[in-house]
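Undergrad: Residues in the sequence shown are numbered consecutively from 1, following this note's numbering. The beta-carbon is built from N, C-alpha and C at its ideal position, and this holds for glycine as well. After the structure tokens below, expect a handful of questions from me.
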Amino acid sequence: MPTLGPMELAIILVIVVLIFGAGKLPELGSSLGKTFKDFKNATKEVDELKQSISLEPAPSRPVKRAAQPASVVSPTPSTSEADKPASSAAQASTASAPSPEKPEQS
Numbered sequence: 001m002p003t004l005g006p007m008e009l010a011i012i013l014v015i016v017v018l019i020f021g022a023g024k025l026p027e028l029g030s031s032l033g034k035t036f037k038d039f040k041n042a043t044k045e046v047d048e049l050k051q052s053i054s055l056e057p058a059p060s061r062p063v064k065r066a067a068q069p070a071s072v073v074s075p076t077p078s079t080s081e082a083d084k085p086a087s088s089a090a091q092a093s094t095a096s097a098p099s100p101e102k103p104e105q106s
């Protein structure tokens, strides 16, 4: 691609002055400069964000596992306990337990 020489730049400058006028050129230059500055800042922020993402490893989170049911160890009854009949006091306490009463319906 050919580059613009001094003569081409002078012609472009004359055309711009004719189109916009000499009074508007400072405003045009100022707004163009602000636009480039904002664009440069935005691209810098994107680059910084990309670098921070690539440099920081993902935080390792502990993996929560489902709670395992505790193994229930039932005592094995000894032969002497298995052969004994249940006591009458234990039977009486279960038999004398009051049963819940139903409320009266109106």
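1) Which two residues bound the contiguous alpha helix (DSSP H) that contains L4?
2) What's the C-alpha gap between I11 and I53?
3) State the CB to CB distance for the pair L25 and V17, rounded to an integer number of angstroms; the pair is presumed to be in contact (CB under 8 Å).
4) For my contact list, L28 and F36 are in at a C-beta cut-off of 8 Å; report their separation, rounded to the angstrom.
TA: With the structure as the only source:
1) Premise fails: L4 is in no alpha helix (DSSP H) and is neither H nor E.
2) 47 Å
3) 7 Å
4) At roughly 13 Å, the Cβ-Cβ gap does not stay under 8 Å, so L28 and F36 are not in contact.
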